[in-house]
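Asks:
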Ligand SMILES: Nc1nc2c(ncn2[C@@H]2O[C@H](COP(=O)(O)OP(=O)(O)O)[C@@H](O)[C@H]2O)c(=O)[nH]1
Ligand SMILES: [Mg+2]
Ligand SMILES: [Zn+2]
């Protein structure tokens, strides 16, 4: 079918080729409505840098983002609440769930209805468990966290698409270890941090990369706690690792 959109990342380096050659684009899925980013409140530890890398790729692909903080039964309530607030303030829908204690599952399933949903996140955060509880007709394989993290191989090797009703599609993807958005330049990156938008136009220089430039309205907004400092650090972290894309 024609691709209306697609979600991709930079292909990870193959064994022994780190630093050599260009990293190609690896496409996860096409024609999707939502990227559902699943993180766990604990075990594995909550990883906001990874979430932010995935939101950047989703924004650049014009795909909606849903954030799930799973395993709330083993997380710290205040921390979960803080993260929920940060992402809600950005404009994202955030669901706090526990498969174990049946929390937030119904609300999440409602948000997935009549859409094509790509689930992604680290191994062990509970993607397959969530999907199996949300849609009892699914039977994704569930792994132990220690096994998933130390085996060197993931239980899911490629993305698996399942239709759960006439208009609802679920795609479970292999656990992500590293995620670098593809094809994003230094100048573009801040456009994909959607909560920076109201401030960006007020920067003194229109080429501002919001790092150290004088008169930067983004930095001012961070100082005034209008933009989350954690999101800003993620921005800097991604910016630091963008390889120069040759200009043709
Ligand atoms: N405490 C707790 N453990 C969970 C929860 N959801 C999943 N798990 C456990 O986390 C481990 C990894 O789950 P799995 O669904 O395979 O994660 P995936 O790699 O993201 O698909 C399994 O041992 C699950 O039983 C939850 O809400 N709370
Ligand atoms: Mg899985
Ligand atoms: Zn700026």
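Numbering (this note's numbering), first residue to last: 4 to 251.
Ideal placement from N, C-alpha and C gives every residue a C-beta, glycine not left out.
Just so we're clear, the structure is a prediction, and the values are computed from it rather than from any experiment.
Taking residue 181 as the reference, which of 73, 174, 54 has the closest Cα?
Replies: In the chain shown, residue 181 corresponds to position 178, counting from 1. Ranking the options by Cα distance to residue 181, first place goes to 54.
Asks: On the CB-based measure, 16 or more other CB atoms within 10 Å of its CB, does residue 5 come out buried or exposed?
Replies: As a first step, residue 5 is located in the chain shown; it is residue number 2 there, counting from the start. The residue in question, residue 5, is exposed, as its Cβ has fewer than 16 Cβ neighbours within 10 Å.
Asks: Strictly by DSSP, which residues pair up with residue 28?
Replies: Indexing the chain shown from 1 puts residue 28 at position 25. In DSSP, residue 28 forms a bridge with 13.
Asks: Is it buried or exposed for residue 218, if we count other Cβ within 10 angstroms and need 16 for buried?
Replies: As a position in the chain shown, residue 218 is number 215, starting the count at 1. Exposed, because fewer than 16 other Cβ atoms sit within 10 Å of the Cβ of residue 218.
Asks: Taking residue 103 as part of the alpha helix (DSSP H), name the residues at either end of that continuous run.
Replies: For the purposes of this step, residue 103 is taken as the residue at position 100 of the chain shown. Residue 103 -> no alpha helix (DSSP H), and no H or E assigned at all.
Asks: Cα separation between residue 123 and residue 229?
Replies: To locate residue 123, count along the chain shown from 1; it is residue 120. To locate residue 229, count along the chain shown from 1; it is residue 226. The alpha-carbon atoms of residue 123 and residue 229 are separated by roughly 28 Å.
Asks: Grab me the residues of residue 134's own chain with a C-beta within less than 7 Å of its C-beta, minus the 5 sequence neighbours each way, in chain order.
Replies: One-based indexing of the chain shown puts residue 134 at position 131. Answer for residue 134: 122, 141, 143, 173, 175, listed in chain order.
Asks: Answer with buried or exposed for residue 44, where buried requires no fewer than 16 other C-beta atoms within 10 angstroms of its C-beta.
Replies: In the chain shown, the residue the question calls residue 44 occupies position 41. By the neighbour-count rule (16 or more Cβ atoms within 10 Å), residue 44 is buried.
Asks: Under 7 Å from any heavy atom of ligand 1, does the C-beta of residue 77 make it?
Replies: Residue mapping note: residue 77 aligns to position 74 of the chain shown, counting from 1. Within the cutoff, so yes.
Asks: If we call anything under 8 Å between Cβ atoms a contact, is residue 162 one with residue 31?
Replies: The sequence position of residue 162 within the chain shown is 159, counting from 1. The sequence position of residue 31 within the chain shown is 28, counting from 1. In contact: residue 162 and residue 31 (Cβ atoms closer than 8 Å).
Asks: By the 10 Å Cβ neighbour count, where 16 or more other Cβ atoms means buried, how is residue 71 classified, buried or exposed?
Replies: Start at 1 with the first residue of the chain shown, and residue 71 comes out as number 68. When all chains shown are included, residue 71 counts as buried.
Asks: Measure the Cβ-Cβ separation of residue 85 and residue 37 and say whether it is below 8 Å.
Replies: Walking along the chain shown from the start, residue 85 turns up at place 82. Walking along the chain shown from the start, residue 37 turns up at place 34. Taking 8 Å as the Cβ cut-off, residue 85 and residue 37 do not qualify as a contacting pair.
Asks: To which residues of the same chain is residue 8 closer than 8 Å at the C-beta, ignoring the five residues directly before and after it?
Replies: Within the chain shown, numbered from 1, the residue matching residue 8 stands at position 5. Contacts found: 33, 34, 35, 64, 65, 66.
Asks: Can you tell which of 126, 78, 39, 215 has the C-alpha that lies nearest to the C-alpha of residue 119?
Replies: Taking the first residue of the chain shown as position 1, residue 119 is located at position 116. Residue 39 is the option with its Cα nearest to residue 119.
Asks: Is residue 74 near ligand 2, with its Cβ less than 7 Å from a heavy atom?
Replies: Reading the chain shown from its first residue, position 71 is the one you call residue 74. For ligand 2, not one heavy atom lies less than 7 Å from the Cβ of residue 74.
Asks: What does residue 43 pair with, by DSSP beta-bridge criteria?
Replies: One-based indexing of the chain shown puts residue 43 at position 40. Bridge partners of residue 43: 73.
Asks: What is the DSSP secondary structure of residue 58, counted as helix, strand or coil?
Replies: The residue you call residue 58 lines up with position 55 of the chain shown. Of the three classes helix, strand and coil, the one that applies to residue 58 here is helix, per DSSP.
Asks: Go through its chain and collect everything with a Cβ distance to residue 145's Cβ below 6 Å, but skip five positions before and after it.
Replies: Sequence index remark: in the chain shown, residue 145 carries index 142 (1-based). For residue 145, where only same-chain residues beyond five positions count, the Cβ hits under 6 Å are 131, 132.
Asks: DSSP three-state label for residue 38, please.
Replies: The residue labelled residue 38 in the question sits at position 35 within the chain shown. DSSP places residue 38 in strand when its eight states are reduced to three.
Asks: Name the DSSP beta bridge partners of residue 171, please?
Replies: Counted from its first residue, the chain shown places residue 171 at position 168. BP columns for residue 171 point to 168.
Asks: Could you check if residue 143 belongs to the surroundings of ligand 2, using beta carbon to heavy atom distance under 7 Å?
Replies: For this step, residue 143 is matched to residue 140 along the chain shown. The answer is yes for residue 143.
Asks: From which residue to which residue does the alpha helix (DSSP H) around residue 91 run?
Replies: On the chain shown, residue 91 is found 88 positions in, with the first residue counted as 1. Residues 80–93.
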